[in-house]
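Residue numbers (the working numbering): 5 to 162. Even for Gly, the Cβ is constructed at its ideal location relative to N, Cα and C.
Right under this line is the structure:
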């Protein structure tokens, strides 16, 4: 598929008010999502090509990696850390006017979307690597995150 085909698809979706579209063709997977963003006096609609969800790493967090206050209230020996697979901007919600994907204390299932990391206008959904309870969210909305930076702590026993 070339860029002109993609532009035609976007135009058709916009004309018909479609906000999400997914296509898999000849080994290529494309997902388009449109959100309304308030800008100044009007509404600016944009499309973002969303890559398939990138599985996040599930590694136990060593106790030494937590600060004293977190270590005092949370036993981190068994926690899984969810790291950013790319450099980008962290978003806890699908759109500015929507609720966050998860909050501390929420129970998640393996594969649930935890957040979005935007990189070069691509919205990458970060999934829970395991089921459990979200103990801590370590990144804030709009914060630039680095590759390998810990975003969430999940208690698989929770």
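Checking the sheet assignment: what are the DSSP bridge partners for residue i?
| i | result |
| --- | --- |
| residue 128 | 121 |
| residue 152 | Residue 152 pairs with nothing; no bridge assigned. |
I need the DSSP call for residue i, collapsed to helix, strand or coil.
| i | result |
| --- | --- |
| residue 24 | strand |
| residue 37 | strand |
| residue 1 | The question about residue 1 has no answer here: the residues shown for the chain are numbered 5 through 162. |
| residue 29 | strand |
| residue 112 | strand |
| residue 74 | In this predicted model, residue 74 has a pLDDT of only 40, less than 50, meaning its place in the structure is not dependable enough to derive any value. |
Taking 8 Å as the CB-CB limit, is residue i close to chain C?
| i | result |
| --- | --- |
| residue 156 | Among the chains in the structure shown there is no chain C, since it carries only a single protein chain. |
Hey, could you find the ends of the beta strand (DSSP E) residue i is sitting in?
| i | result |
| --- | --- |
| residue 85 | 84-87 |
| residue 92 | 92-95 |
In whole angstroms, give me the CA-to-CA distance for residue i and residue j.
| i | j | result |
| --- | --- | --- |
| residue 18 | residue 34 | 16 Å |
| residue 90 | residue 148 | 10 Å |
| residue 12 | residue 117 | 29 Å |
| residue 84 | residue 25 | 33 Å |
| residue 82 | residue 124 | 34 Å |
| residue 122 | residue 96 | 11 Å |
| residue 88 | residue 15 | 32 Å |
| residue 23 | residue 100 | 15 Å |
| residue 144 | residue 115 | 21 Å |
| residue 86 | residue 30 | 32 Å |
| residue 9 | residue 37 | 16 Å |
| residue 112 | residue 20 | 34 Å |
Starting from residue i and walking both ways along the alpha helix (DSSP H), at which residues does that stretch end?
| i | result |
| --- | --- |
| residue 141 | First-last for residue 141: 136-141, but that is the beta strand (DSSP E), not the alpha helix (DSSP H). |
| residue 15 | 7-19 |
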